[in-house]
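Undergrad: Here the protein sequences line up with chains A and B, keeping their order.
This note's numbering applies: residue 2 is where the first sequence begins, and numbers increase by one.
This note's numbering applies: residue 2 is where the second sequence begins, and numbers increase by one.
Using N, Cα and C, we set each Cβ at its ideal position, and we do this for glycine too.
This structure is a prediction, so every number in the text was calculated from the model and none was measured.
My structure is below; once you've seen it, I'll send some questions.
There are 2 protein chains.
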Amino acid sequence: MNRTYAVIMAGGVGSRFWPSSRAASPKQLLDLTGSGLTMIAATVDRLRSEVPPERVIVVTGRVTVDAVAKALPDVPRENILAEPMGRNTAPCIGWAALHVRRRDPEGVLAVMPSDHLVADVPGFMSSVRAAVGAARGGALVTFGIEPDRPETGFGYIEMGAETSAGVREVVRFVEKPDLETARGYLEAGTFAWNSGMFFFTAKRILDEIERQMPDLSAGLARIDGAIGTDRQAAVLDEAFPGLPSESIDYGIMEGASGILCVPSSFGWSDLGSWAAAFDLSAKDDDGNAVDADVISIGSGDCLVRAEGDKIIALVGVEDLVVVDTGDALLVCRRDSSQDVKKVVDTLKKLGRDDLL
Amino acid sequence: MNRTYAVIMAGGVGSRFWPSSRAASPKQLLDLTGSGLTMIAATVDRLRSEVPPERVIVVTGRVTVDAVAKALPDVPRENILAEPMGRNTAPCIGWAALHVRRRDPEGVLAVMPSDHLVADVPGFMSSVRAAVGAARGGALVTFGIEPDRPETGFGYIEMGAETSAGVREVVRFVEKPDLETARGYLEAGTFAWNSGMFFFTAKRILDEIERQMPDLSAGLARIDGAIGTDRQAAVLDEAFPGLPSESIDYGIMEGASGILCVPSSFGWSDLGSWAAAFDLSAKDDDGNAVDADVISIGSGDCLVRAEGDKIIALVGVEDLVVVDTGDALLVCRRDSSQDVKKVVDTLKKLGRDDLL
């Protein structure tokens, strides 16, 4: 049949979006750019022309499974898999692949994070179709996002020769570079960002796991044997903690051969901070990105969000992030928004689990 | 008997302290510097060695009279006068003088705003005693606060020859100067700030009102005739709107002769803005003045206040005022805090009386 299944990875918390992001309402369940959709709903939505909801599989945590189900009302509840604990992406993808294999061993997994943004959806879908086509032939496929800046926050892919229209070989995956290296990559033109989206058949990825990660493969076999039985929950609880906590990039991709990539430029963003959310939000006449009742006096270029109908007055301020959740308030320089993680670290140290 | 009566003027709102200051909880009912006392309670408190609570008379508005009574539990309730409407300081002081005259025509009124700060209370009391002494002799007396900067926000007093130890003639009152004039005043050394505190006997001020403000005098006579009768409230309601809305400075002081002043330097502040509240508050190790549960990451020199037990995280910000009242939030550059009035103006235009 060779149909496409979306595997949406929704296990993260996104602590850089505190105080909006919390254990029970992580980044993917927020609308951070005023789109009107949660990020996970937008992720499912943009795939809809190729992947109907019944072929969407979501892997998330137990704390968030109900909220995810609520955010995706047309995805069948049995397609929403709750990990007993986060074990990085290789176990997550392997587990989803078991479910796809049961329906169709040649079914193609379109694996993607639940909390990324895509500006150009037709462009994205065109890349998805190219990647799915290549994956049907049995390849491991990824996107190679054309860089527009010497970004040091992403891993890169060195691309080789074209193997078919719009598809190239992957020479190697490289880790996050320093700035000088990133500048070289940008100049070279043969390096692309690794967006963490992957395409492969269930059979191919499970074969790779068997070859490269035998421990994971064994654990998955135990889980697979219990799917649909009354031992399912117990086996999952027992097996999951023993699975190796490893990413698909390190565990599989770097050791595989014949990987292909689809060079792409569809306005992708991993939306890594409040500053990125500001950049991608609509602005008012003062240049503020506002999701709140705001009075702005001599102020501009601020991101302002508030829950409830509180009024927020800005006076003489610029380039701030102001986020009010009722129980917590963040006031942050926009260009310091990577440091919001430090607030979360401090709250952990203080034992303020109520705010995490 | 010639006793001293404190007349505490508590009619203002102090809209520059929005969102903390509201119609029902104006500036004088707040603790803006972390002293542990409301400003009005501190005002009464610092006079206590000369003026016991039973000789404290407070003039406030009807909206605030209950809150004022609560803030001053040892001031007899009948000493707290509620104006039907604000008519500036001359009617306010005249009305209080009627009450003092009934107890003692030679009683000295020590008239002072309810929302100013004094750093050096012994120094202040020494000035009060000097001023009261001069007022007992029948003079109109004020303080001449020694300026420490060319302030353009206050009126000034030009001081003349010394008439007795620590008491000088007033040559003239001058309005708020421009910066150049203020610099000249500072250099001259004979100009002092007018703090809006005055001392005179009930008889003297009511005689001056009769001479200089006959309309006010006539209105006060009607009110006086009804004090203690069952017509009191009705006469007040009827007479008050007709009283001329005039300040004691313009209405009386500028047209009076033989005014004296007590040169003083007791760390006086009219606490005109959040910036002044910051300056006069204790700071933590980051230089923040904090009355809230704050996590400060790379931040400093901010004033932070919050009602309730909300947590406030500052990340990479400096020189801000952050005030959270649950229904409203102010984020303001410290050196823009005069513009907080503009927020109040905007709220008025929007008809948001719930936030005023």
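#1: Check each residue of the segment 290–317 of chain A: if its Cβ is closer than 7 Å to any Cβ of chain B, include it; give the result in chain order.
#2: For PHE155 (chain B), which residues from the same chain have a beta carbon less than 7 Å from its beta carbon, with the 5 sequence-adjacent residues on both sides left out?
#3: In the DSSP output, what is MET160 (chain A) paired with across the bridge?
#4: Smallest Cα separation from ALA166 (chain B): which of B:SER265, B:LEU321, B:ILE94?
#5: Compare the Cα-Cα distances from VAL57 (chain A) to each of A:THR191, A:ALA70, A:VAL316, A:VAL64 and report the closest residue.
#6: Could you tell me which of A:TYR251, A:ASP320, A:LEU356, A:ILE296 sits nearest to LYS349 (chain B), measuring between CA atoms?
#7: Flag VAL101 (chain A) as yes if its beta-carbon sits less than 8 Å from any beta-carbon of chain B, otherwise no.
#8: In this structure, does DSSP put VAL76 (chain B) in helix, strand or coil?
#9: List, in order along the chain, the chain B residues whose C-beta lies closer than 9 Å to that of VAL14 (chain A)?
#10: Between the beta-carbon of ASP116 (chain B) and the beta-carbon of GLN29 (chain B), is there less than 8 Å?
#11: For the segment 248–268 of chain B against the segment 88–99 of chain B, do three or more pairs of beta-carbon atoms, one drawn from each stretch, fall closer than 8 Å, so that the two count as touching?
#12: Do you know how far the Cα of VAL112 (chain A) is from the Cα of SER282 (chain B)?
#13: Spell out whether any CB of chain B is found under 8 Å from the CB atom of ASP280 (chain A).
#14: Within the same chain, show all residues whose beta-carbon is closer than 7 Å to that of SER16 (chain A), passing over the 5 residues directly before and after it, in chain order.
#15: Counting pairs of beta carbons, one from the segment 68–83 of chain B and one from the segment 45–60 of chain B, are three or more of them closer than 8 Å?
#16: PRO242 (chain B) by DSSP, collapsed to three states: which one?
#17: Which residues in chain A have a C-beta closer than 7 Å to the C-beta of LYS343 (chain B)? List them in chain order.
#18: Measure the Cβ-Cβ separation of SER329 (chain A) and LYS311 (chain B) and say whether it is below 8 Å.
#19: Please state if the CB of ALA68 (chain A) and the CB of ALA25 (chain A) are separated by a distance shorter than 8 Å.
#20: Out of B:VAL316, B:GLY327, B:ASP320, B:VAL324, which one is the CA nearest neighbour of VAL322 (chain A)?
#21: Would you mind sorting LEU272 (chain B) into buried or exposed? The rule is 16 or more other CB atoms within 10 Å of its CB.
#22: Among A:GLY268, A:ALA276, A:GLY197, A:ILE260, which residue has its Cα nearest to the Cα of GLU319 (chain A)?
#23: Any C-beta of chain B sitting closer than 8 Å to the C-beta of CYS262 (chain A)?
#24: Compute the Euclidean distance between the alpha carbons of LEU82 (chain B) and MET10 (chain B), then round it to the nearest angstrom.
#25: Measuring only the C-alpha atoms, how far is PRO20 (chain B) from SER274 (chain A)?
#26: Kindly list the residues whose CB is nearer than 8 Å to the CB of ASN289 (chain B), restricted to its own chain and excluding five residues on each side of it in sequence; keep chain order.
#27: ALA222 (chain B): which of B:LEU33, B:ASP149, B:HIS100, B:ARG334 sits nearest, CA to CA?
#28: Rounded to the nearest angstrom, how far is the Cβ of ARG169 (chain B) from that of ALA162 (chain B), given a contact under 8 Å?
#29: Which one of B:ASP238, B:GLY12, B:ARG205 has the shortest CA to CA distance from GLY138 (chain B)?
#30: Along the alpha helix (DSSP H) that carries CYS93 (chain A), what are the first and last residues, could you check?
#31: Count the other CB atoms, across all protein chains shown, that sit within 10 Å of the CB of MET160 (chain B); report buried if there are 16 or more and exposed otherwise.
#32: Tell me the DSSP secondary structure of GLY301 (chain B) in three-state form.
TA: In short:
#1: ILE296, ILE298, GLY299, LYS311, ILE312, ILE313, ALA314, LEU315, VAL316, GLY317
#2: LYS177, TRP194, ASN195
#3: A:VAL171
#4: B:SER265
#5: A:ALA70
#6: A:ILE296
#7: no
#8: coil
#9: Simply none; closest approach about 16 Å.
#10: yes
#11: yes
#12: 55 Å
#13: no
#14: SER22, LYS342, VAL345
#15: yes
#16: helix
#17: ILE298
#18: Sequence inspection shows Ala at residue 329 (chain A); the Ser mentioned does not correspond to that position. Their beta carbons are under 8 Å apart, which means ALA329 (chain A) touches LYS311 (chain B) by this criterion.
#19: yes
#20: B:VAL316
#21: buried
#22: A:ALA276
#23: no
#24: 10 Å
#25: 30 Å
#26: VAL295, SER297, SER300, GLY301, ASP302, CYS303, LEU304, VAL305, LEU315
#27: B:HIS100
#28: 7 Å
#29: B:ARG205
#30: 90–104
#31: buried
#32: strand
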